[in-house]
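Numbering (mature numbering (1 follows the signal peptide of the UniProt record, and there is no 0)), first residue to last: -18 to -1, 1 to 275.
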């Protein structure tokens, strides 16, 4: 299948990259700042896990964070610049019975990540699971792609995963337990027009995950990857109907995925006892697009 045409690859990039922005709640940010994690712990189970979700202020990150929070866990909602949206996610989690804090950090900056983990330890004392979801796109055909377009995507989407993993390992290795779920993309497996930088970064995440799984196994830490395909979002809803049908014709299940389906797979790998013996693997939530129609 020809994945996308050059006319619409920029619009589709966000969809296949796993961005599925939820409907904003429009609650004033000032409403949330008075809350502390401690004041909400009565709603959280004693065995609740502390879970960091990077890039959790929107899209799939927000869907994953709210899903995990609704199961009574303590969620660290990382964001780069969208504080108001991150605080909306925090409030949604608290209303659903979980606990959450919002922590700003630039995942492309090792020092920023170090500071984020310090805040996590200050708030919760530990971290049990990391979901490396933060990512950006800087789409363009190779012939016209500028060096900074290439580097920004590599820095956030690949190096950021490495930096967060490295920081988490220092905590998890001492406990001899922990789970890492890295969000890659079907683009990292089969490529896409106009996304050489993104494909390289996400393909790199898959390789990094396998290497880390081998390295960390002796410390009881599992590492797995989730590869979303085309996922429903506000942006996919705006695509021309004829083009949507063309894309769906290349997906064996004949439809776009739902954010809840990606969140469900992520929750299984992060929390389910049945996933304790699973490490180093890649799980596609793509309707079969990677194998072809």
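Positions of the beta carbon are idealized from the N, C-alpha and C atoms, including for glycine.
Bear in mind the structure is a predicted one, so any value in this text is a computation, not a measurement.
query                                                                                                                                                                               : result
Does residue 95 have its Cβ less than 8 Å from a Cβ in chain B?                                                                                                                     : Although the question refers to chain B, the structure presented lacks it and comprises just one protein chain.
From this set, 37, 204, 130, which residue's C-alpha is nearest residue 157's C-alpha?                                                                                              : 204
Along the chain, where does the alpha helix (DSSP H) that runs through residue 248 open and close?                                                                                  : 241 to 253
To the nearest angstrom, how far is it from the Cα of residue 201 to the Cα of residue 160?                                                                                         : 9 Å
Quick one: what does DSSP say residue 38 is sitting in, helix, strand or coil?                                                                                                      : coil
Report the CB separation of residue 170 from residue 184 in whole angstroms; it is logged as a contact under 8 Å.                                                                   : 3 Å
Leaving aside the five residues before and after residue 138 along the sequence, list all residues of the same chain whose C-beta is less than 7 Å from its C-beta, in chain order. : 89, 90, 116, 117, 118
Across the stretch 131 to 148 and the stretch 90 to 99, are there enough close Cβ pairs to call them in contact, namely three or more that are closer than 8 Å?                     : yes
So, helix, strand or coil for residue 122, using DSSP?                                                                                                                              : coil
With a threshold of 16 other CB atoms inside 10 Å of the CB of residue 311, please say whether the residue is buried or exposed.                                                    : Outside the shown range of the chain, which is -18 to 275, sits residue 311, and nothing can be said about it.
Identify the continuous alpha helix (DSSP H) that holds residue 210 and give its terminal residues.                                                                                 : Element bounds for residue 210: not the alpha helix (DSSP H) but the beta strand (DSSP E), 203 to 210.
Do residue 262 and residue 195 have their C-beta atoms within less than 8 Å of each other?                                                                                          : yes
What separation, rounded to the nearest whole angstrom, lies between the Cα atoms of residue 240 and residue 198?                                                                   : 32 Å
Measuring CA to CA, which of 120, 65, 189, 124 is closest to residue 209?                                                                                                           : 189
From which residue to which residue does the alpha helix (DSSP H) around residue 180 run?                                                                                           : 178 to 198
Check whether the Cβ atoms of residue 55 and residue 31 sit closer than 8 Å, and answer yes or no.                                                                                  : yes
Identify whether residue 106 lies in helix, strand or coil by the three-state DSSP scheme.                                                                                          : helix
Is it right to say residue 251 is buried, meaning 16 or more other beta carbons lie within 10 angstroms of its own, or is it exposed?                                               : buried
Who are the Cβ neighbours of residue 269 in its own chain at under 8 Å, not counting the five residues just before and after it?                                                    : 211, 212, 233, 234, 235, 236, 237, 238, 239
Roughly how many whole angstroms lie between the Cα atoms of residue 265 and residue 65?                                                                                            : 31 Å
Which residues mark the beginning and the end of the alpha helix (DSSP H) in which residue 261 is found?                                                                            : Counting along the chain, residue 261 falls outside any alpha helix (DSSP H), and DSSP gives it neither H nor E.
I need the straight-line Cα distance from residue 259 to residue 126, nearest angstrom please.                                                                                      : 45 Å
DSSP puts residue 163 in a beta bridge; with which residues?                                                                                                                        : 113, 206
Under a three-way DSSP split, which group does residue 265 fall into?                                                                                                               : strand
Give the straight-line distance between the Cα atoms of residue 79 and residue 248, rounded to the nearest whole angstrom.                                                          : 19 Å
Return the residue from the list 62, 35, 57 that minimises the CA-CA distance to residue 105.                                                                                       : 57
Residue 112 to residue 59, Cα distance in whole Å?                                                                                                                                  : 11 Å
Whole angstroms are fine: how far does the CA of residue 267 sit from the CA of residue 255?                                                                                        : 20 Å
Where does residue 103 land, buried or exposed, given buried means 16+ other C-beta within 10 angstroms?                                                                            : exposed
With residue 347 and residue 153 assumed to form a contact (beta carbons below 8 Å), what rounded beta-carbon distance in angstroms separates them?                                 : Only positions -18 to 275 of the chain appear in this structure, which leaves residue 347 out of reach.
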